[in-house]
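Enquirer:
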Amino acid sequence: MPVSSHVPLPGSERAAVPGARRVGDADPRERLSVTLYLRRAAGPAPDPAAFAAAPPARQPRLTRPELADQQGAAGADVARVTAFAQRYGLAVDDAAPGRRRVALSGPAGQMSQAFGVSLGRYEHPGGSYRGREGPLHLPSDLRAAVAGVFGLDDRRQAFPRLQPAAAAGAAPPGTAFPAPQVARLYGFPAGR
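Numbered per the working numbering, the sequence shown spans residues 1 to 192.
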């Protein structure tokens, strides 16, 4: 599906969620919002060790424009992303060179073409999601400028790790303990 002038974006490979199966294509009219995270503009990288070693009064203080100049994306990279978006009929919702990001929106069908992927609907025991398999593809002149593309895939990215206590006598989640009961549980005060 990638356009012949497009090349894979390193690190963008995705696989289906274990146990998932593709049940169809994503709705090509579904409106998507994606964020392209860009490389830092050329220039010397800051030395975090030198910064940390300096006493607080001597640590450099940067204004927001100075920080954007030192750590932000190059204007030429933002312009290339903007031209890319226009070529595929995508809207540029926000371009923030200081934050190294460009937000785009448009129909899923146009996003699929722009990034050389086949977006699909997947189902698995835990639910369903819009996703893709394989790498994203970008024009060769843009690939080096883009560090990541986020938002094409709406699968769940984070999962809770906390589990409710199952200990004997534990209160149900959200239940408050009276102070004397907490004190007994922790053996407070000492010697009691």
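For every residue, glycine included, the Cβ atom is placed at its ideal position computed from N, Cα and C.
Closer than 8 Å to a non-hydrogen atom of the ligand ATP - does that hold for the CB of Ala16?
Expert: As far as ligands go, the structure on display features none, and thus does not contain the ligand ATP.
Enquirer: Express the C-alpha separation of Ala73 and Val92 in angstroms, rounding to a whole number.
Expert: Here the question's residue 92 lines up with position 92 in the sequence shown. Here the question's residue 73 lines up with position 73 in the sequence shown. Distance between the alpha carbons of Val92 and Ala73: 16 Å.
Enquirer: Determine the closest residue to Leu38 out of Pro97, Arg31, Ala83 and Gly11, with distance taken between C-alpha atoms.
Expert: Translated into positions along the sequence shown, residue 38 becomes position 38. For the residues Pro97, Arg31, Ala83 and Gly11, the minimum Cα distance to Leu38 belongs to Pro97.
Enquirer: Throw me the rounded Cβ distance for the Arg161 and Val7 pair, which I believe falls under 8 Å.
Expert: For the purposes of this step, residue 161 is taken as the residue at position 161 of the sequence shown. For the purposes of this step, residue 7 is taken as the residue at position 7 of the sequence shown. Contact doesn't hold; Cβ gap of about 37 Å is too wide.
Enquirer: Would Gly116 be called buried (16 or more neighbouring beta carbons within 10 Å of its own) or exposed?
Expert: As a first step, residue 116 must be located in the sequence shown, where it is residue number 116. Buried, by the Cβ-count rule.
Enquirer: Go ahead and label Ser12 buried or exposed: buried means 16 or more other beta carbons lie within 10 angstroms of its beta carbon, across all protein chains shown.
Expert: Here residue 12 is taken as the residue at index 12 of the sequence shown, counted from 1. With 16 or more Cβ atoms within 10 Å of its Cβ, Ser12 is classed as buried.
Enquirer: Taking the continuous beta strand (DSSP E) assigned at Phe150, which residues delimit it?
Expert: The residue labelled residue 150 in the question sits at position 150 within the sequence shown. Val146 to Phe150 is the span of the beta strand (DSSP E), which, as asked, contains Phe150.
Enquirer: Considering Arg130, what are the terminal residues of the beta strand (DSSP E) in which it resides?
Expert: Stepping through the sequence shown from its first residue, residue 130 is reached at position 130. Per DSSP, Arg130 belongs to the beta strand (DSSP E) from Gly127 to Gly131.
Enquirer: Which residue or residues does DSSP assign as beta-bridge partners of Ala183?
Expert: In the sequence shown, the residue the question calls residue 183 occupies position 183. None, per the DSSP bridge assignment.
Enquirer: Rounded to whole angstroms, what is the Cα-Cα separation between Asp77 and Ala145?
Expert: Against the sequence shown, residue 77 aligns to sequence position 77. Against the sequence shown, residue 145 aligns to sequence position 145. Rounded to the nearest angstrom, the two C-alpha atoms are 6 Å apart.
Enquirer: Would you decide whether Leu62 is buried or exposed? Buried here means 16 or more other CB atoms lie within 10 Å of its CB.
Expert: For the purposes of this step, residue 62 is identified with residue 62 of the sequence shown, where counting begins at 1. Answer is exposed; the Cβ neighbour count stays below 16.
Enquirer: Helix, strand or coil for Gly120? Go by DSSP, reduced to three states.
Expert: Indexing the sequence shown from 1 puts residue 120 at position 120. Reduced to three states, the DSSP call for Gly120 is strand.
Enquirer: Beta-carbon separation of Gly131 and Pro28 under 9 Å?
Expert: Reading the sequence shown from its first residue, position 131 is the one you call residue 131. Reading the sequence shown from its first residue, position 28 is the one you call residue 28. Cβ distance not < 9 Å, so Gly131 and Pro28 don't count as in contact.
Enquirer: Does the distance from the CB of Val23 to the CB of Gly126 come in under 9 Å?
Expert: To locate residue 23, count along the sequence shown from 1; it is residue 23. To locate residue 126, count along the sequence shown from 1; it is residue 126. For Val23 and Gly126, no; Cβs fall outside 9 Å.
Enquirer: So if DSSP puts Ala227 in a beta bridge, which residue, or which two residues, is it bridged to?
Expert: Given that the chain is displayed from residue 1 to residue 192, the structure contains no residue 227 and the question cannot be resolved.
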